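Numbering (full-length UniProt numbering), first residue to last: 1 to 272.
Beta carbons are placed, not taken as given, at the ideal position from N, Cα and C, and that holds for glycine.
Quick caveat, the model's predicted, so the values are computed rather than measured.
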Amino acid sequence: MIRWRRHLGLLVGGAAVAVSVVAAGAAPLLTPYGWDEQHLEAAFHPPTPVHPFGTDDLGRDVLTRVLYGGRYTLALAGSVVALAGLAGMMIGAFSGYVGGWADEGVMRATELVMAFPAIILAMAIVVALGPGLVNAGLAMGLVWWPPYARLARGEVLAVRTLEYVEAAAAIGQTPWGIFRRTILPNVLPGMVVLATIDLGAAIVTGAGLSFLGLGATPPAPEWGAMVSAGRELLAQWWVATFPGLAIFLTVIAFNFVGDGIRDVLDPRRRGS
């Protein structure tokens, strides 16, 4: 039985993530303004009850843009982690199960990609493809899969020689059936933990690309692009501060959730 008092971080982080997702999805219901609605006469107004996060240089409501910006930032990070995680899991699990030259080739490929910081490789790919949110997501996906492949391979190597796997082969199950019914279920828990924690890193990387002008471009209200737009407005601190806080708090929340899920799924941690 799970003692939820011991997993306060999971509960707090899960609640924060839920609030972020719901707020982004329900943005039209939470604010009376459009994310690109301009009121030049109200430019650079500090936080007030009418504009709790203030307004930017075009009089756009910063709270509204932060809420809508969550759609861009969370969708980018979620898409990258989901696709790269699925691809990496299948590649790593297959290479670990098959072994031989296929396993050797996959491991050399992962070492090559992981030899460089992910954001540097992603930047190089985006420069070649051209800036934009879709290209940023594609670039991140191309450099995001190796950790999942290595983790899946390690899990497969740990279980493929166990008795119940050999018993499945002895009763006539096909290699694909063993892989699908017996091997993959043992890989999934580790993948879930890594993906949850990795969402925070994906948010930071995606926001970083947008900050550099390689991801979402103005006037899209992506959090990194909003921080970039306000980085030189020291007197109007609220323009960059609130989207920066959104990035910080969301990343921390996903880390809490990932650590909590790991503690719940790991029997050694659960009993401690």
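>> For GLY271, which residues in the same chain have their Cβ closer than 8 Å to its Cβ, ignoring the five residues on either side in sequence?
In response: Residue confidence is low: GLY271 scores 48 on pLDDT, short of 50, so the model does not pin down where it sits. No coordinate-derived value is stated.
>> Counting C-beta neighbours from all protein chains within 10 Å, is the total for VAL193 16 or more, i.e. buried, or is it exposed?
In response: buried
> Measuring from the CB of HIS7, is there a heavy atom of the ligand FMN at a distance below 8 Å?
Replying inline: Absent from the structure shown: the ligand FMN. Ligands present: none.
> Taking buried to mean at least 16 other C-beta atoms within 10 Å of its own C-beta, is GLU232 buried or exposed?
Replying inline: exposed
> Can you tell which of GLY70, VAL19, PRO46 has the C-alpha that lies nearest to the C-alpha of LEU234?
Replying inline: PRO46
>> Taking its Cβ as the centre, do 16 or more other Cβ atoms sit within 10 Å of ARG268, making it buried, or is it exposed?
In response: Because the pLDDT of ARG268 is 49, which lies under 50, any placement of that residue in the model is unreliable, and the number read from its coordinates should be weighed accordingly. The residue is exposed, with fewer than 16 neighbouring Cβ atoms inside 10 Å.
>> Looking at the secondary structure, which residues open and close the alpha helix (DSSP H) in which ILE119 lies?
In response: 118 to 129
> Apart from the five residues on each side of it in sequence, which residues of its chain come closer than 7 Å, Cβ to Cβ, to LEU67?
Replying inline: ALA23, ALA24, ALA27, LEU30, THR31
> Roughly how many whole angstroms lie between the Cα atoms of LEU76 and THR182?
Replying inline: 32 Å
> Excluding sequence positions up to five away, which residues of its chain have a Cβ less than 7 Å from the Cβ of ALA195?
Replying inline: VAL81, GLY85
> What residue does the alpha helix (DSSP H) around PHE211 start on, and which one ends it?
Replying inline: 184 to 211
> CB-CB under 7 Å to TRP238, same chain, minus the five flanking residues each way: which ones, in chain order?
Replying inline: PRO46, PRO47, PHE53, GLY54, VAL62
> Assuming GLY200 and SER210 make a contact with CB atoms under 8 Å, what is their CB distance in whole Å?
Replying inline: About 16 Å; that fails the 8 Å criterion.
> What's the call for THR250, buried or exposed, on a 16-neighbour Cβ count within 10 Å?
Replying inline: buried
> Does DSSP put THR241 in a helix, in a strand, or in coil?
Replying inline: helix
> Taking the DSSP output, what are the residues bridged to THR55?
Replying inline: ASP61
>> My assumption, with CB atoms under 8 Å, is that SER20 sits in contact with ALA253. Please give the rounded CB distance.
In response: 7 Å
> Does the beta-carbon distance from GLY213 to SER228 come in below 9 Å?
Replying inline: yes
>> Quick test of your reading: GLY92 and LEU10, contact by CB under 8 Å. State the CB separation rounded to the nearest angstrom.
In response: Going by Cβ atoms, the distance from GLY92 to LEU10 rounds to 26 Å, so no, they are not a contact pair.
>> Measuring only the C-alpha atoms, how far is GLY258 from ILE203?
In response: 14 Å
> So, TRP35 versus GLY69, is the Cβ gap smaller than 9 Å?
Replying inline: yes
> Is the region 160 to 180 touching the region 124 to 141 in the sense that three or more CB pairs, one from each, lie closer than 8 Å?
Replying inline: no
>> Please report the distance separating the alpha-carbon of PHE116 from that of HIS39.
In response: 45 Å
> For the alpha helix (DSSP H) that contains ILE178, what are its first and last residues?
Replying inline: 175 to 178
> From HIS51, GLY14, MET89, ALA43, pick the residue whose C-alpha is nearest to that of LEU184; which is it?
Replying inline: MET89
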